[in-house]
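> Everything in the sequence shown is counted per the UniProt record's numbering, starting at 1 for the first residue and increasing by one. Note that beta-carbon positions come from the ideal geometry of N, C-alpha and C, so glycine has one too.
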Amino acid sequence: MQVPAVLRSAWYRLPPRDQAGPLLVVSAAGRFDPDEVQVQWAGEDGKPAGTTNFVDVGRRRRGETCARRWLRCPAAPPGCGWSPPTTT
Numbered sequence: 001m002q003v004p005a006v007l008r009s010a011w012y013r014l015p016p017r018d019q020a021g022p023l024l025v026v027s028a029a030g031r032f033d034p035d036e037v038q039v040q041w042a043g044e045d046g047k048p049a050g051t052t053n054f055v056d057v058g059r060r061r062r063g064e065t066c067a068r069r070w071l072r073c074p075a076a077p078p079g080c081g082w083s084p085p086t087t088t
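#1: Which residue or residues does DSSP assign as beta-bridge partners of L14?
#2: Can you tell me whether T51 is buried or exposed, with buried defined as 16 or more other CB within 10 angstroms of its CB?
#3: Measuring straight from C-alpha to C-alpha, what distance separates F32 and Q38?
#4: In terms of alpha-carbon separation, which member of G46, L71 and K47 lies closest to V55?
#5: Looking only at its chain, what residues have a beta carbon closer than 6 Å to the beta carbon of A42, apart from the 5 residues adjacent to it on each side?
#6: Could you pull out every residue in the same chain whose Cβ sits closer than 7 Å to the Cβ of Q2, ignoring the five residues on either side in sequence?
#7: In whole angstroms, give me the CA-to-CA distance for R8 and V26.
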């Protein structure tokens with residue numbers, strides 16, 4: 001039997017973009033719609049600055065379940081205020 005749940009985590013500072021991979025990956029289990037799981041980021045002032053949804057690379061066809069799924073989103077989602085360094 002599955003019971004509805006709520007997930008909320010603390011804020012975490014990610015490594016500097018030049019040291020991070022291109023993706024933020026979360027492992028999740030259970031039945032859920034990927035649109036219900038979001039990542040939220042804050043600006044330098046600590047206030048929320050935006051959200052984005054994950055892409056569910058382990059999603060199965062309707063009615064199928066998967067014990068574990070890997071949700072991914074860009075480490076620097078559009079609108080987060082980060083842009084890659086330019087080279088000359």
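According to the structure shown:
#1: The count along the sequence shown starts at 1 and reaches residue 14 at position 14. Paired residues: none, contrary to the question.
#2: For the purposes of this step, residue 51 is taken as residue 51 along the sequence shown, with counting starting at 1. Exposed.
#3: To locate residue 32, count along the sequence shown from 1; it is residue 32. To locate residue 38, count along the sequence shown from 1; it is residue 38. Their backbone Cα atoms lie some 12 Å apart in a straight line.
#4: Indexing the sequence shown from 1 puts residue 55 at position 55. Nearest of G46, L71 and K47 to V55, Cα basis: L71.
#5: For this step, residue 42 is matched to residue 42 along the sequence shown. Here the set comprises P48 and A49.
#6: For this step, residue 2 is matched to residue 2 along the sequence shown. Contacts found: G30 and R31.
#7: Mapped onto the sequence shown, residue 8 falls at position 8. Mapped onto the sequence shown, residue 26 falls at position 26. Those two C-alpha atoms are separated by around 13 Å.
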